[in-house]
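Participant: My structure is below; once you've seen it, I'll send some questions.
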Amino acid sequence: MVFIKRIDLRGFKTFNKKVSVNLDTGFTVITGPNGSGKSNILDALKFALGELSPRELRGRSLSDLVHKSQGEGARSAYVAVQFDNSDRKLPVDSDLVTISREFSKGGEGIYRLNGRRLSRKQVQDVMSSADIQVTGFNLISQHAVTRLAEISTEERRKILESLIGIGTFETKKAEARVQLQEADLNLKVAAARVDEVRQRIEQLERERNDLLRSNLLKTEINSQQARILSAQILALENRHQEMSQTLEHEQIKLDQVRHEREDLLQQRAKIEQDRRSFEEKTVTQGNQELFDLERRIAEASKGIVEAKSAAETAKNLVATRTKQREAFTKQAEEMETSIKPLASSIKSLQSHKKILEEKLEDSISKVEKISQKLTAARSSIDSDAKKLREVQDEIDGLGKELSNLTAQSKGSSTKLDLTASHLQTLEARQKE
């Protein structure tokens, strides 16, 4: 059985300096004249057990509990109560359990159990294990017995239940039920949140899969387009090379035609020069022969037949020379005719060269546009990859949040199990 072994007071009401009251075995009564401080001992017990009502401690405010005197006075009120805990009714592994409370004029209250600072609720929970409560009937103040005789049967029943601990169990049972309901509500909220997060994750996974499929399709399309563009570029480059080679070949042919034209022009000039020279030579030679014939006719009148023969010979020679001149003239005209197609061919080659140059410029422009499309496609792939990483980061964040919520859910479930177990223990103890 837990019982009080000693009470220490300092600065509490009439006790300025430290006073220790040892309650040894057989100690049952404190006597003394009125105003000697007997009731203050009971108030000190209530104070140490956590009483907050100044009225129950017979004061106007808690600051009235601090000792006042004409001298310096006390700065704080301090009460410590030592209990015998040999049977371990209190859940503390010690034969002696000391609870203390100190209240300063500044309004700060400090609770300790065996020197370790705790909250008021924690101290009261420990003491309630041995049915020690500031509101219970462990402490009976003045006129309490008379009041018991005057109260109703229902109130008396509640007091008796409180004395035997039923009221405490009912209170704890109600608190446990409230905690159980709160834990159940928290569990439902956590489960709803988990479902919401799971749905969000599933939605994001669908979006991610759609995005992945879209990216794969875009990548495949871009790859196909890149291959097509590469093939087109290669074809254009080959075409460009072929056109360049053709252009060079045509240029060579053009140069050859120009050289041939120049040669033909030179030949024509030479033929023309030869023709003029031949004509001059023919005319000169013909004149000379006519002169000789006339001279021979004049000098040799006796050879008429010979003269006629010589004249006929000269005539034939003139005709031959005339035919030769006509042949040379015809040959010159034929050469002129052969030069005209060559000039037309040169003009056609120049026009073809211009067309090839325009096609070359168009091919270069197409190559630049294709390169721009390829750059834009690569930029689109980079943008999609960045978006995919952002979605993946959001999924990872939601996964962490899901893990946290799952951990909270497990914690709530554990707390729910502990509360239910505690409730069953309380009900079992109540039945006992």
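Per this note's numbering, the sequence shown starts with residue 23, numbered consecutively. Note that the Cβ used here is the ideal one computed from N, Cα and C, for glycine as well. The structure displayed is predicted, hence computed values, not measured ones.
Name the one or two DSSP bridge partners that Arg298 has.
Facilitator: Answer is none; Arg298 lacks a bridge partner.
Participant: Is it true that the CB of Lys90 sits closer than 8 angstroms to the CB of Asn62?
Facilitator: no
Participant: Count the other CB atoms, across all protein chains shown, that sit within 10 Å of the CB of Leu87; report buried if there are 16 or more and exposed otherwise.
Facilitator: buried
Participant: Alpha carbon to alpha carbon, what distance is there between Lys395 and Ile223?
Facilitator: 36 angstroms
Participant: Which of helix, strand or coil does DSSP assign to Thr351?
Facilitator: helix
Participant: Can you give me the C-alpha to C-alpha distance between Ser266 and Ala291, rounded to a whole angstrom?
Facilitator: Distance between the alpha carbons of Ser266 and Ala291 is about 36 angstroms.
Participant: Pull up the distance between the alpha-carbon of Ser479 and that of Arg199, whole angstroms please.
Facilitator: Nothing in the structure corresponds to residue 479, since the chain is present only between 23 and 454.
Participant: Three or more C-beta pairs closer than 8 angstroms, one from the stretch 109-125 and one from the stretch 38-58: is that the case here?
Facilitator: no
Participant: Around the C-beta of Gly33, are 16 or more other C-beta atoms found within 10 angstroms, so that it is buried, or is it exposed?
Facilitator: Buried, by the Cβ-count rule.
Participant: Between Ser122 and Arg138, is the Cβ-Cβ spacing less than 8 angstroms?
Facilitator: The answer is no: Cβ separation not under 8 angstroms.
Participant: Locate the beta strand (DSSP E) running through Phe105, then write down its first and last residues.
Facilitator: Ser98 to Asp106
Participant: Taking Thr359 as the reference, give the member of Ser405, Leu286 and Glu334 with the closest Cα.
Facilitator: Leu286
Participant: Would you report the Cα separation of His271 and Glu294, rounded to the nearest angstrom?
Facilitator: Answer to the nearest angstrom: the Cα atoms are 34 angstroms apart.
Participant: With DSSP collapsed to three states, give me the class of Arg228.
Facilitator: Note: Arg228 maps to helix in three-state DSSP.
Participant: Would you mind reading off the limits of the beta strand (DSSP E) that contains Ile63?
Facilitator: Taken as a continuous stretch (DSSP letters only), Ile63 belongs to no beta strand (DSSP E), being part of the alpha helix (DSSP H) at Lys60 to Ala70.
Participant: Can you give the Cα-Cα distance for Leu233 and Thr447, rounded to whole angstroms?
Facilitator: Between the alpha carbons of Leu233 and Thr447 lies a distance of about 56 angstroms.
Participant: What is the DSSP secondary structure of Arg142, reduced to helix, strand or coil?
Facilitator: helix
Participant: If Ala152 sits next to Val101, beta carbons under 8 angstroms apart, how far is it from one beta carbon to the other, in whole angstroms?
Facilitator: About 19 angstroms separates the beta carbons of Ala152 and Val101, which is beyond the 8 angstroms limit, so they are not a contact pair.
Participant: With a CB to CB cut of under 7 angstroms and the five nearest residues on each side skipped, what residues in its chain are close to Gln254?
Facilitator: Ile392
Participant: If Glu423 and Leu226 are in contact, beta carbons under 8 angstroms, what's the gap, nearest whole angstrom?
Facilitator: That pair is no contact at about 12 angstroms.
Participant: Let's see if you can read the secondary structure: which residues bound the beta strand (DSSP E) around Gly131?
Facilitator: Run containing Gly131: Gly131 to Leu135, per the beta strand (DSSP E) assignment.
Participant: State the Cα-Cα distance for the pair Met23 and Ser108, rounded to the nearest angstrom.
Facilitator: 8 angstroms
Participant: With 16 other CB atoms within 10 Å as the buried threshold, where does Val103 fall?
Facilitator: Val103 is buried by the Cβ-count criterion.
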